[in-house]
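Student: Letter by letter, the sequence shown follows residues 20 to 101 in my numbering. Backbone N, C-alpha and C define an ideal beta-carbon position, used for all residues, glycine too. What follows is a structure written as structure tokens; I'll ask about it next.
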Amino acid sequence: MTVGENEPNREFTTFLSVIITMTTIILMALLLIWREILLKTWSKVSVKLLNYLSMRIISSGVRSCIKLSKMVYCTRIFFWLW
Numbered sequence: 020m021t022v023g024e025n026e027p028n029r030e031f032t033t034f035l036s037v038i039i040t041m042t043t044i045i046l047m048a049l050l051l052i053w054r055e056i057l058l059k060t061w062s063k064v065s066v067k068l069l070n071y072l073s074m075r076i077i078s079s080g081v082r083s084c085i086k087l088s089k090m091v092y093c094t095r096i097f098f099w100l101w
């Protein structure tokens, strides 16, 4: 196996990790907006449930990014934007 054979795979993996990272960031923003709306209108139980769900989504997105990019590219972007 030569280095050239792995190049398309690496580019595709990087592309996927960027897409997953951006999707996770967008979901986090939507969840924060939804949380603010719920704080004003709904009970504390709903907010606690939303916090739990948002942490699950964030952690699963981070895990996917780490698996795809082997803890290099995606984690840098994620923690830079965090």
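#1: Who are the near neighbours of residue 76 in its chain, counting only those whose CB is closer than 6 Å to its CB and skipping five residues on each side?
#2: Based on Cα-Cα distance, which residue from 78, 59, 60, 54 lies nearest to residue 69?
#3: Taking only the alpha-carbon atoms, compute the straight-line gap between residue 5 and residue 74 and give it to the nearest angstrom.
#4: Short of 8 Å in beta carbon distance, which residues of its chain neighbour residue 50, apart from the five on each side in sequence? Order them along the chain.
Tutor: On the basis of the data shown:
#1: These residues qualify, in order along the chain: 46.
#2: Put simply, of 78, 59, 60, 54 the residue whose alpha carbon is nearest the alpha carbon of residue 69 is 54.
#3: The structure shown does not extend to residue 5, since the chain is modelled only from 20 to 101, so the question has no answer here.
#4: Cβ within range, chain order: 69, 72, 73, 76.
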